[in-house]
Amino acid sequence: MNPVSGESLHAQALALRQQMQVQRARIAQQLDVSAAQRSGYPRSLTMRFLVRRPAVVVHLLVELGSVLLGARVIRSLARARSLISVVRSV
Numbered sequence: 001m002n003p004v005s006g007e008s009l010h011a012q013a014l015a016l017r018q019q020m021q022v023q024r025a026r027i028a029q030q031l032d033v034s035a036a037q038r039s040g041y042p043r044s045l046t047m048r049f050l051v052r053r054p055a056v057v058v059h060l061l062v063e064l065g066s067v068l069l070g071a072r073v074i075r076s077l078a079r080a081r082s083l084i085s086v087v088r089s090v
């Protein structure tokens with residue numbers, strides 16, 4: 001933007017703001033971004049997945065929990081078995 005010598009700083013700021021708004025609108029139109037997508041919640045793909053597919057998320061959490069708890073239970077049983085064998089040998 002070329003500042004005009006007689007133009008006030010406030011007028012220059014307004015003109016710059018208008019140019020930026022026009023540029024943003026042009027970019028949004030080129031990207032074909034709808035207004036709902038620009039202001040929609042959630043914006044991240046991960047959160048969209050979590051919010052829009054709760055059944056899948058619950059299933060994944062159950063599977064993950066069973067895998068983690070399954071490994072813990074197996075380790076606990078192995079420790080209990082070794083402890084029982086030590087007690088029996090005494």
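Those letters in the sequence shown? Residues 1 to 90, by the numbering used here.
Don't be surprised by glycine CBs; every beta carbon is placed ideally from N, CA and C.
Practice item. To the nearest angstrom, report how far apart leucine 31 and leucine 50 are at their CA atoms. Key: Rounded to whole angstroms, leucine 31 and leucine 50 show a C-alpha spacing of 26 Å.
Check your understanding: With DSSP run on the structure shown, which of helix, strand or coil describes proline 92?
Key -> The shown model of the chain, from 1 to 90, leaves out residue 92, and the question about it has no answer.
Review point. First and last residue of the alpha helix (DSSP H) that includes glycine 70?
Key: Counting along the chain, the unbroken alpha helix (DSSP H) around glycine 70 starts and ends at 54-89.
Exercise for review: Could you check how far apart the C-beta atoms of proline 42 and arginine 48 are, in whole angstroms? I think they sit under 8 Å.
Suggested key: 6 Å
Review point. Hey, how far is the Cα of alanine 28 from the Cα of glutamine 18?
Key: 15 Å
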